[in-house]
Structure formats: C-alpha cells, structure tokens
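For reference, the structure discussed in these notes is given below.
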Amino acid sequence: MKSNKFYKLLVAMLLVLTLALVACGSDDEGDAEGTDDTSKSEENGEDDGEDTEEPVDKGEEILSQFQYDPSNTGEPIEGGHLTFGLVDDDPFEGTLNFNFYSGAPDAEVLNWFDESLLSVDGDFLYDQEGAATWEHDDSGKVFTLTIRDEVNWHDGEPVTAEDWEFAHEVIGHEDYTGPRFDETLRNVEGIEEYNKGEADDISGIEVIDDKTLEITYKEATPSLLAGGIWSYALPKHIFGDMEVADMDSSDEVRKNPIGIGPYKVETIVPGESVTYTKNEDYWRGEPALDEVTLKVIATSSVSQAISTGEVDIVNDFPADQYPDNEDLSNVEFLAAYDNYFSYLGFKLGEWDFDEGHVVENRDTPLQDKALRQAMAMAIDGDIIGEQFYHGLRWEANSIIDPGHRLYHDPTWEGYEYDPDAAIALLEEAGYERGDDDFFTDLDGNEMSFNFIAQAGGEVAEPLAELQIQMWEAIGVNVELYNDKLYQFNDFYDRVGNGDEEDDPNVDIFGGAWSTGSDVDPSGLYGKNVRFNFARWDNEESQDLLQAALSEEAFDLDFRKEAYKDWHDLMVEEVPVFPLNFGLEIVPVNKRVVGYSLDPDSDLFRYDIGVTEEEPQVD
Amino acid sequence: MAKEVVETTEQNEDSNISPSGLRVFWIEILRDKLALGSLIFFVLVTLTVFIGSALLDLDEITKIDPLSRFLPPSSEHILGTDTGGREIFGQLIYGTRNSLVIGILVTAMSGTIGVLVGLVSGYFGGHTDNVLMRVLDFFLILPFLMIVIIFVSLVPKYTITSFSLIMTAFLWMGIARLVRSKALQERELDYVNASKTLGTSNITIMFSHVFPNITSIIIVNMTLSLASNIGIESGLSFLGFGFPESTPSLGTLLSYATNPTTLEKRWWVWAPAAILILLLMLSVRNVGEALKRAADAQQRRGT
C-alpha cells in the first residue's frame, strides 16, 4: 500500500514537527533511583514495575488501557453526515493524487476518496482483500496483479491495467517532479532505462489484458510484499493527453480530483475543507454515510472542536491535551501503537555529495563508542513518557517499533537508564574529570558537545534541557546549540537533510521517525542514504540489513534473526539510540460506528457510519 | 471639562511661589497619591528583583524537574511550577529583572542618542537639521519588528547588551524629534543669541544653556518611554523572538497561556507574569504622567 518509503520518512519528519517529539531525557536522579530497577528482563526497557514479578511489556500495558474500537455498536443510520478533523496548524497543500502528493495532510484528504489497489493486513503485508489481487511466481520477482471487475473510477470508467501501467510511466518519466520515484520504484525492471529516456516503455511491466498486469522486479525481497509495489493507478482517460510536467498542477489534481474510494469529492475550499458525497458505485458496497466533511483544525482548538461535536473524529490528537480531555462525556478515546520512534543521535561524519554516501570522518570524542554507550545509559526515556506525555509514550528498547508486530520484540535489550553504570563505564574507558567536574576527553582536553533540538509545543524546551541535565549528571558537558530550539526545516537542514553540508557544530541531535509499512530500516541507516544523519558507516550493519532483504529473508525467522543481530549491533555501536515509542490517540464521537484502530480489523473506511443525526456534545 | 478648568484656576491661585528644578517633580509626585504609590511600588519591585536575583541560584531556577510539572501554588512552590517543573516565582524574579534592565538600558541609550541628535539638529538647524532628520526618517520607516526578528534568528547567541543595542537602534527617533523641536524654539531666544554674541562656543551653549532648559521635557518623555520599554522584552519573548526559553522571562511565562489548557486551568503559570507586567508599566506610567503635569505649570497640582 504504501510505496514510497522515502516520502514516508519525510512525512515522518513532518509528524515529528507536529507531535513535538524530540528527545528524551531523563530526570533527576533521586527519583530514578526511587523506582525499582529490577533488571527486568526486557520488555520495552521499562523499568518501573515495582511489584510485578513477571516482566511486563510496558507498551502493551499502556495500550491495554484503551480500546481499538468504539463501544457504540449500533446500526448506522441512513443519510448520515460525519465531520472529520484534520489537525494541522497550516492549510493542506492540495495536491490530491497519490501519484503526486507530498504532504501527510494531503494523504488524509486523499484517503477519503481514493485508495490503494492492494490492501495490507495488520502486519503491513499485502493481502487479497483489496481492489486488486496478486500472486507471484517462484522466483518472487514476477507479480501478476488482477484488478477486480467492479472497480471503477468516480466517473464510471473502469480501472484498467493500463491505468496502473500509466501510473508507473508517469512516475518514472524524466519530467516527473513529484517525490515518488524512489528506491522502491527503481526496483521495477527497465524503469531506470525508461527514466533516462533510453527506452520508450518500461520493460518490466506488461499489460496482459484489461484487468491484468504483470510486473517484473529486479530483485526479490521481502520488502516487495510490504509496500514494495506501486499500487495507485492513474486514470489514463483523464491524464493521458497531459504533459507529465503539468500534471501535478492540473485542475484534475487540484480542483476536481478523482479516485476509486468510497466517497467522491464534492467541493474543495483550498487548504481549509473538503466535502465528500457517497460513491454509490464503490466496489466494496455502499458506503454508510451520505456525506463527509473534512476540515482543518488548529492544534489549539482540537479539544474545543471535539467537545462541542464540531468534529466527530480527528486524525491525530495531541498527547499533551489528553489528560484534560479524557473525561469528555461525548467522545471516546481509542488508541493503537503509533508507527513511530524518537531517538537521539551522534554526528560521526559528513555527507559526500559527489559520491552520494556517508563518510564517517569527524574528529570528535564521540567516535569512542564507550562514550556513546554511556550517554545512552544516561537518558531515562520512561520519565519522559510518563511525565511529559502522560504515560502515552514509554522508553523504546530498539529501533523496530511495536507497530511492526512481526519484528518488534520487547525482550530485546536496549539501554536501561543507569547513570551509575554510565559513570563507571566512562571511568573504565579512561576518562577523567576535569576541574569543572565534567569528564575531559581521552587526551585531557575539555570536552563539550552541542545538542540541537527541535522546537514544537511547550514540552520541547524542557525536554531538551532535561536531557542535557541527564548528561550533566554523568559528567558529560552538553550544551543546547546556540541556546535555542530550531524550527523543523532549519533543524533538518542543519542535521543533514538540506542541500548543503551538515552543520559542523552540531554534535548530538534529537529527532523522530514515523516508520513505513516495511520494517526495513536501511532507508535510515544505510551508507548511501541522506537520512543516515549520524553519518555512520558500518559494514556489518550494511551486511545485516542486506541479509534481511535477501531472498532467504522470505523466511520470517531468518529475517527476524537478522534484525535481532542488527539491533545488537546498534546497541553496541550506538550511532543513534531510540528514546520513546508511543500511542496514537484518536477521540471518536460516541455516535460513530464502524471505525477501528485495530490493525487486524476487517472494517474499511466505507464502514464508518453514525448512529445519530447530530453529534453528541459534552 | 468645566471642572478641570475650575481646578486649574484654583491651582494657579495657590502657586504663588514657583519652585524650580527637580523639586517641582518631587512635589508633584507627593501631591499625587497614585503617582506616589506607583513610585513606591516600582522601587519595591526593583529592589526585590535585584536583591532576589542576586540571592537565587539561576541554575536551580532553570533546572527541569519532570516530577513536579504544573504544580499549583503551595507552601513548597510559592507560585507553583511550569511545564518543566521550574518554579514560577524564581522565573518571575529573574524575568522581571531582565525586563527592567533591558527597559532601563534601552531608555538610557535611546535617550542619550535621541538627545544628542535632537540637540545638534535643532540647535544648528539648516542643512545639519535636514540631513539628520532624513536619517531619522529612514530609521522611522524601517519595519522595526521584522528586523528585530531577523536579527534574533541570525545572531546565534544574544545577550542583554546586544538585545538592548538592537532595540535602541529603533527607539531613539521619538525623543530626537521632540528634543529637536524644543531646541529649534530655544535657539531663537535671546539668551542664546546673547551667549553667541559673547563668544561662547556652540557646544557650551547647547549643553550648558539649552539643554538645562529642556531637561524637564526629556525626563518626562524618558519616563513614559521606560514604561513601554519594560514591555518590549516580554512582547518579543511572547512571540518567541526574545531570550531563549531557558532564560527566565516574563514573556515566556505569558506565552504558556497560548496553550488553551494552561490558559483555562493553570492560571498560576501566566497570571502572575501578566499582572506584574501590567502593574509595572502602569506604575511607571503614573509617575510619568505626574512628571508631565509637573513640567507644565498650567497643569500642576502641587506647588
């Protein structure tokens, strides 16, 4: 379903901004010592269960306080109207086609009226429930995709294999300016040649008949089944005569977008709201609502909007407002694991623009992994989750987040908060304290690091300060870079996502990713990816990540084992270390039915309905 | 209106003796209970924050304590705590001190520049006046806020001094205009001409003769602008362009109120800062108003 990992990561970064996540911190020692640190065997690295003997998975424990589904199980009424709140402080951009869009808010708008041809199950693997079915041959490289007969565009034209092929041709076209032409799509055989203009069509794609498409991929990897297929068709009867370069700014994308989803776009107020009407011809059946209104709600007015029934559901609820709203009588808060982790990382090198890969060449005391390990131990992710995110986040044990159930394992050991051990480790590694009581580097020079943190919400600043305090507590001198927090774009430019060199004064950075459907982290930590902000170059890591994508890795146990090894390597090397996992919280008006956050739910968007004419109010 | 006229008449009858110099100001303040109260309040606050900030440990105040976030006022936390578990009280003391120091610095510096430019411009008149006033016009049309915001984003680290300097660069024009117009009047008077005839140098005339004659208006103007300058730092910090968040500031405390929950349910975070800013600016203004009346014999209440 999703194909563009690259893009998703960007989205992730956007999310980072809105969620205000950032870094972590630990807290003052007194308290941490107070909690019983019984070396819990694992679990998400949590350590607070004082009286539990059994190791408890903290994430699971937190999640169990919530439901996936609304308690309301009534029958939806006829002719219902639902209002959906898109929480965003900015207007949505309005590139309303999956083949061209680039912002997460646009995706929220799109999801109501368009959908992927292939559907995925709770583990983000393709299943056969979508508008198209699939099968692959023994080599795992050739996929035969069959579109169901009843799948039509909103204008009544059937969705054809040609439309699907056309989408590939547009994205792979040299004039295409959108963000979708990424590693995943480059895996299609012949698309690179087509992109360079060496071939007239993509040799790996073949239209068998009206409804059947055959795609050959260069390499068979488990990732193919987890979002590796581009699954959004583009209606050739509408876009066929258009220049590729003009498509994303055309009225067909901006004003009268078209899709195959359960609702059709009725009107768009650019950047503000969209009204949809029921698509009677929807292939799964008749949608439960007559009309849906999507409107942008500012973060500061979300709680107001849900308590007055102005919106029935929102896409994302700010965790810091949860405690003050959990008792609202008219809504129910549902939750699920967020595909997300926050982390802290160390800058170890720079990006080589000519060669397009990282070079781990920075001359910094951080090159000593003992120091990095100690700094990871110094941070208490739990206190941050509990105190700053009201227990909706908890310490992460690894980079594989709990949303990826097949691979996440709470028993993998990460770094427990243990400042004493951190100090002991530093002393053992030969560090000595200078006059100011901070550790000096191994040559006896003063050692101090710049920590860059992201602005976002009122907890960002205290969190950054708290982390610095936690490092100070183990005797490592860290300063907030330039004494201020950086806005999203500025932050990522300096950390290394811009067109320019990474800021050489940044030593430590705190960020977060929302993870894609495929668990593969090589898009974040590979040698030749820009998102490897730590600029960490490690051959063993490359090999392990490669192994996890090999044909052998179709065996789940093998792949999991590879990720386990990779996790252990990350714990040993600590170019970055994970800080928090979290829940996504969704308030739902009590009149809403057919909605679920359960990854295994068999409800689809067209099932969402309401049981009363008017929203309930608090 | 009618009543005022009556009062004025009465006062004029009272004022047989005309005390001179700073005494007039003092007498006026003593006569105006509101101004007197304001002055006492201002002095008290100033003393408290300067002594307080010398006694309190800044590191302690800015230390994050995740376990005591948003605690309401209690015996342990006199004014409660903010989002990082930091004492509001300590931040209030430090923040007020910063605001005051900046307000006073900016007023003093912009006053100095303004008086110099105004005096020179008004006293010499002609081309000098013309050139200086065009420079002044140029500064006047610059978009003040925007430039300050850009400055703040560009300068990696800024201090009270650099902050005051940049503010001063945009705040000396008002007083310069005022002083110029007064100086223009004064230079036509006989005492100036007499001095010139006697061969006194221009500088001596400007500073020893003209300047003393316009001090009252300068004092009044500077006092009134002090009132608004105290708010400058808070205003910018509120917008996120003041001092870094880790530096205690009244504006930062105020900006917590942009979170609806804090606004509604955690009044102790922002209310003290809001009240303090209001009172401080009002009190300085009250004193300034009294001085203004004192500078104009017609409006004086005291004698």
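Chains as they are written, first to last, in numbering that gives the first Met the number 0: chain Y, 0 to 617; chain L, 0 to 302.
Glycine included, each C-beta is placed from N, C-alpha and C at the ideal position.
Integer Cβ distance of residue i from residue j, believed to fall under 8 Å
| i | j | result |
| --- | --- | --- |
| ASP337 of chain Y | LEU582 of chain Y | 6 Å |
| MET635 of chain Y | ALA377 of chain Y | Here chain Y covers residues 0 to 617 and nothing more, so residue 635 of chain Y does not appear. |
| VAL310 of chain Y | THR82 of chain Y | 5 Å |
| GLY593 of chain Y | ALA130 of chain Y | That pair is no contact at about 19 Å. |
| THR307 of chain Y | VAL616 of chain Y | 6 Å |
| PRO418 of chain Y | ALA472 of chain Y | 5 Å |
| LYS195 of chain L | GLY121 of chain L | Incorrect: roughly 15 Å between the Cβ atoms, too far for contact. |
| GLU265 of chain Y | VAL295 of chain Y | That belief does not hold up - the Cβ atoms of GLU265 of chain Y and VAL295 of chain Y are roughly 17 Å apart, past 8 Å. |
| PRO364 of chain Y | ASP434 of chain Y | At roughly 18 Å, the Cβ-Cβ gap does not stay under 8 Å, so PRO364 of chain Y and ASP434 of chain Y are not in contact. |
| VAL587 of chain Y | LEU333 of chain Y | 6 Å |
| ALA175 of chain L | VAL116 of chain L | 4 Å |
| TYR406 of chain Y | LYS559 of chain Y | 6 Å |
| ILE422 of chain Y | PHE340 of chain Y | With a Cβ gap of about 27 Å, ILE422 of chain Y and PHE340 of chain Y do not count as contacting. |
Residue i burial status per 10 Å Cβ neighbour count (16 or more: buried)
| i | result |
| --- | --- |
| MET280 of chain L | buried |
| ASP89 of chain Y | exposed |
| ARG22 of chain L | exposed |
| GLN466 of chain Y | buried |
| GLN320 of chain Y | buried |
| ARG133 of chain L | exposed |
| SER224 of chain L | buried |
| ARG74 of chain L | The residue you asked about is not Arg; residue 74 of chain L is Ser in the sequence shown. Exposed is the call here. |
| PRO317 of chain Y | buried |
| PHE137 of chain L | exposed |
| ARG185 of chain Y | exposed |
| TYR100 of chain Y | buried |
| TYR193 of chain Y | buried |
| ALA106 of chain Y | buried |
| THR410 of chain Y | exposed |
| ALA296 of chain L | exposed |
| PHE352 of chain Y | exposed |
| GLY79 of chain L | buried |
| ASP50 of chain Y | With a pLDDT of 43 at ASP50 of chain Y, under the threshold of 50, the predicted position of this residue should be treated as unreliable, though the coordinate-derived value follows. Looking at its Cβ environment, which holds fewer than 16 other Cβ atoms inside 10 Å, ASP50 of chain Y is exposed. |
Per DSSP, cross-strand counterpart(s) of residue i
| i | result |
| --- | --- |
| TYR485 of chain Y | Y:GLN453 |
| LYS277 of chain Y | Y:TYR262 |
| GLY608 of chain Y | Y:VAL592 |
| GLU205 of chain Y | Y:GLU213 |
| HIS135 of chain Y | Y:PHE142 |
| GLN66 of chain Y | Y:LEU333 |
| LEU81 of chain Y | Y:VAL291 |
| ILE296 of chain Y | Y:VAL86 |
| VAL243 of chain Y | Bridge partners of VAL243 of chain Y: none, in fact. |
| ARG432 of chain Y | Y:PHE438 |
| ILE165 of chain L | Paired residues: none, contrary to the question. |
| VAL585 of chain Y | Y:LEU333 |
| PRO577 of chain Y | Y:TYR342 |
| TYR125 of chain Y | Y:VAL119 |
| SER272 of chain Y | Y:VAL268, Y:LYS294 |
Residue i beta carbon near the ligand FAD (any heavy atom closer than 6 Å)
| i | result |
| --- | --- |
| GLU288 of chain L | As presented, the structure is devoid of all ligands, the ligand FAD included, so that no description of it is given. |
Any 3 or more C-beta pairs closer than 8 Å across the region 228–239 of chain L and the region 205–218 of chain L: Too few Cβ pairs lie closer than 8 Å, so no.
Segment contact, 8 Å Cβ cut-off, at least three pairs: the region 70–78 of chain Y with the region 144–154 of chain Y: Counting Cβ pairs under 8 Å, fewer than three are found: no touch.
Stretch pair the region 55–67 of chain L + the region 370–387 of chain Y: three plus CB contacts closer than 8 Å: yes
Segments of 4+ residues assigned as alpha helix (DSSP H) that fall wholly inside the region 350–398 of chain Y: 368–376, 380–387
Ranges of the alpha helix (DSSP H) found wholly within the region 117–151 of chain L, counting only runs of at least 4: 125–140
Three CB pairs or more closer than 8 Å across the region 344–362 of chain Y and the region 504–513 of chain Y: yes
Alpha helix (DSSP H) segments (min. 4 residues) lying fully within the region 234–273 of chain L: Positions of the alpha helix (DSSP H) runs, each at least 4 residues long and wholly inside the region 234–273 of chain L, are given as 249–254, 259–264 in order along the chain.
Stretch pair the region 231–245 of chain Y + the region 98–117 of chain Y: three plus CB contacts closer than 8 Å: yes
Contact the region 248–267 of chain Y vs the region 177–186 of chain Y: 3+ CB pairs below 8 Å: no
Validate contact between the region 164–173 of chain L and the region 244–256 of chain L using beta carbons, cut 8 Å, 3 pairs: no
Contact the region 139–154 of chain L vs the region 181–190 of chain L: 3+ CB pairs below 8 Å: no
Beta strand (DSSP E) segments (min. 3 residues) lying fully within the region 33–112 of chain L: none
Alpha helix (DSSP H) runs wholly inside the region 148–210 of chain Y, at least 4 long, in chain order: 160–170, 182–185, 190–194
Three or more C-beta pairs below 8 Å linking the region 263–275 of chain L and the region 76–90 of chain L: yes
Stretch-stretch touch, CB-based, cutoff 8 Å, three pairs: the region 354–372 of chain Y with the region 514–521 of chain Y: In short, these stretches do not touch, since the Cβ pair count stays below three.
Completely contained alpha helix (DSSP H) runs for the region 501–567 of chain Y, where each covers 4 or more residues: If one requires a minimum length of 4 residues, the alpha helix (DSSP H) runs lying completely within the region 501–567 of chain Y are 521–524, 538–546, in chain order.
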